[in-house]
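Numbering (mature numbering (1 follows the signal peptide of the UniProt record, and there is no 0)), first residue to last: -24 to -1, 1 to 383. Ideal Cβ placement from N, Cα and C applies to all residues, glycine included.
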Ligand SMILES: Nc1nc2c(ncn2[C@@H]2O[C@H](COP(=O)(O)OP(=O)(O)OP(=O)(O)O)[C@@H](O)[C@H]2O)c(=O)[nH]1
Ligand SMILES: *[C@@H]1O[C@H](CO)[C@@H](O)[C@H](O)[C@H]1NC(C)=O
Ligand SMILES: *[C@@H]1O[C@H](CO)[C@@H](O)[C@H](O)[C@H]1NC(C)=O
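Dropping the structure here:
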């Protein structure tokens, strides 16, 4: 080999090494194999999302799972190891009426974030913000929108199209100093993993955000993967402790699967007036609960009710049940507890107490009820004690769908 060729070879070598290094940096940053330990500022990338403003807490939990599963599945294949899922703060939820919350609330108020991290590398938005010297500038905000016609040619295809004319209708989780470099409007339908196609068009982006995160669908609803993710969504330990104290003190149970009480999720408010065909009347509710006890757990005399009903409705149901011979309990937070836990934490305490009951009765088509049912599946209750619903006073009463756990 002459000197000239040797020289070329060295140059080539250098070019290849550089290319490899750049590619690796672009793809993985300086992360270890698990992707869980990246050096700060070392090519970490952030996947952010927001949900349609009127959606409630429990649908938002499902949207989280779609994104978490999307990232976990990709990282399982060794890809996108430098990506973090940013937990979107809870802000101005439509159902949170108490006024105890006007600031964005981080996820650790409600969930055990270390447990979330066993499934996917998540990070609180607050942490992303405080790790950066300048106010957060999102590289690209994809505003997702539904197609006008989901079934073109009579079939539902997974697809997306970049369009124009859209407006971001959220509030950046309550932060007024977050800005966006570029907004892209996208009509989207189908599985959430297709979002990677959008992301890959701009490989240099570090902060990528999707609004209307509820539009993309689950990769695998109800599968083992779904349940693995679901199991990692443990609640904040303080909330669990408060719920367990309540169960011990008022419901006379100190084990996981209690035998001492029946629980009801009695969804009222908008359900009472806009879904009259699916829920009992105020007057019909006690009679129905009494019948359910007699048919299923005739020895039980203690009932726990979780509800969003007004105070007068609560009083009415309580009196009706007492007249039928039951001991009735509600979790009513003190002012101090409400300040501390907020409406979101109080609702979670209600859900935890419902989860441990010997028998559970929910409200048809309520995501609040679905999350309780999942919790009971994880606890290992027989499905017959879980997938039960309140019926309308008269007329058809379809059985609730059974989403049983997959191990
Ligand atoms: N504390 C408490 N709050 C409840 C109860 N039921 C409903 N809520 C509140 O109302 C919200 C209901 O909205 P979601 O969580 O979305 O559940 P959903 O019942 O399916 O209602 P939509 O999704 O809005 O149709 C909850 O997040 C709570 O804030 C309850 O039994 N106890
Ligand atoms: C993805 O989920 C599996 C199953 O729960 C888990 O073992 C694995 O560690 C997760 N991957 C990441 C990157 O967290
Ligand atoms: C951005 O706003 C939040 C609260 O809205 C504040 O805590 C934070 O300090 C602000 N950051 C900067 C860099 O101004």
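Here residue 19 carries a coil assignment [DSSP, helix/strand/coil].
Assigned with DSSP and collapsed to three states, residue 154 falls in coil, not helix or strand. For residue 95, there is no enclosing beta strand (DSSP E), as DSSP gives it neither H nor E. Taking each of 262, 278, 267 in turn and checking the Cα distance to residue 292, the smallest one comes out for 262. Counting of Cβ neighbours within 10 angstroms places residue 241 among the buried residues, the total reaching 16 or more. At a Cβ-Cβ threshold of 7 Å, residue 62 and residue 22 count as neighbours. Residue pairing of residue 343 in beta bridges, as defined by DSSP: absent, with no partner found.
Taking a contact as a CB-CB distance under 8 Å, the pair residue 127 and residue 320 does not count as one, their CB atoms being some 37 Å apart.
Per DSSP, reduced to three states, the secondary structure at residue 321 is helical. Per DSSP, reduced to three states, the secondary structure at residue 269 is helical. In this structure, DSSP gives residue 100 an extended state, which the three-state scheme calls strand. Taken in chain order, the whole beta strand (DSSP E) runs of length 3 or more contained in the stretch 215 to 283 are 238 to 242, 278 to 283. For residue 50, no beta strand (DSSP E) encloses it; the enclosing alpha helix (DSSP H) starts and ends at 33 to 52.
Taken in chain order, the whole alpha helix (DSSP H) runs of length 4 or more contained in the stretch 144 to 214 are 171 to 176, 200 to 207. Around the beta-carbon of residue 239, 16 or more other beta-carbon atoms lie within 10 Å, marking it buried. Only residues of its own chain outside the window of five on either side were considered, and among them 244, 258 have a CB closer than 7 Å to the CB of residue 289, listed in chain order. Judged by DSSP in its simplified three-state form, residue 326 adopts helix.
In terms of side-chain proximity, the C-beta atom of residue 181 is found no nearer than 6 Å to any non-hydrogen atom of ligand 2. Taking 7 Å as the cut-off, the Cβ atoms of residue 25 and residue 114 do not count as close. Contact between residue 237 and residue 333 holds, with the beta-carbon distance rounding to 5 Å and staying under 8 Å.
Of the residues assessed, residue 188 falls on the buried side of the cut-off, its CB having 16 or more other CB atoms within 10 angstroms. Under the three-state reduction of DSSP output, residue 288 falls in the helix class. Boundaries cannot be given for residue 383, as no beta strand (DSSP E) includes it and DSSP labels it neither H nor E. Of all C-beta pairs linking the stretch 329 to 347 to the stretch 363 to 372, three or more are shorter than 8 Å, placing the two stretches in contact. Residue 57 sits in coil when the DSSP states are folded into three classes, being neither helix nor strand. Proximity of the beta carbon of residue 32 to ligand 1 is indicated: a heavy atom of the ligand is located closer than 6 Å. Beta-bridge annotation (DSSP): residue 305 is paired with 280.
When DSSP reads this structure, residue 123 sits in no beta bridge, so it has no partner. In the DSSP assignment, residue 139 falls within the beta strand (DSSP E) that extends over 135 to 139. At least one heavy atom of ligand 2 sits closer than 6 Å to the Cβ of residue 95. Pairwise C-beta distances place the stretch 66 to 84 out of contact with the stretch 118 to 135, as fewer than three of them are shorter than 8 Å. Residue 116 holds the alpha-carbon nearest to the alpha-carbon of residue 176 among 103, 116, 229, 140. For residue 112, DSSP records no beta bridge to any residue. In this structure, residue 35 sits near residue 343, with a CB-CB distance shorter than 7 Å.
The C-beta separation of residue 94 from residue 208 comes to about 5 Å, placing the pair in contact by the 8 Å criterion. Apart from sequence neighbours up to five positions away, the residues of its chain that approach residue 158 with a beta-carbon distance below 8 Å are 115, 116, 117, ordered along the chain.
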